[in-house]
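In our numbering, the protein residues as written are 4 to 120.
Using N, Cα and C, we set each Cβ at its ideal position, and we do this for glycine too.
Every value quoted in this text rests on a predicted model; they were computed, and no experiment measured them.
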Amino acid sequence: MNELVQHLSEGNHLVEASLRPEKTGAALKEKIDSGHIHIKFINTRGGTELGVPLDRTACDLSQADFENQRGRVHLVGELILNYVKVRCVADIDLATLEGQGHLEPIAKLSPADTLAK
């Protein structure tokens, strides 16, 4: 398995919601509503930012108060990282827009598989 995927699959890691131009609860809600968010794993060499298409059925926003920037969101989505299909799971605190996350490998793909998609 790829070294980065293996590392991010072992335990939880510090993550942040990568939001531009402003880091606010409202900006996070807008990204979630669009169905796609960027999650940055902070403690890798230079940081690793992943674009994650969200699986709305697996996400939990029930404890989120976006307007007052309180509570937590549980975000889940699948993507391909270094020829490995992975599920990204992140729990983000709305007050800091940071939290914990990890990857779950689903399947290893060949370069031809990723080009066909």
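- DSSP places residue 61 in no alpha helix (DSSP H); its state is neither H nor E.
- Pairing residue 6 with residue 29, the inter-Cα distance amounts to about 35 Å.
- For residue 72, there is no enclosing alpha helix (DSSP H), as DSSP marks it with neither H nor E.
- Looking only at 108, 20, 100, 34, the smallest Cα-Cα distance to residue 82 is reached by 108.
- Ranked by Cα distance from residue 52, the options 44, 59, 8 are led by 44.
- In the structure shown, residue 17 adopts extended strand secondary structure according to DSSP, grouped into three states.
- The DSSP-derived three-state label of residue 45 is coil.
- Beta-bridge analysis with DSSP links residue 51 to 44.
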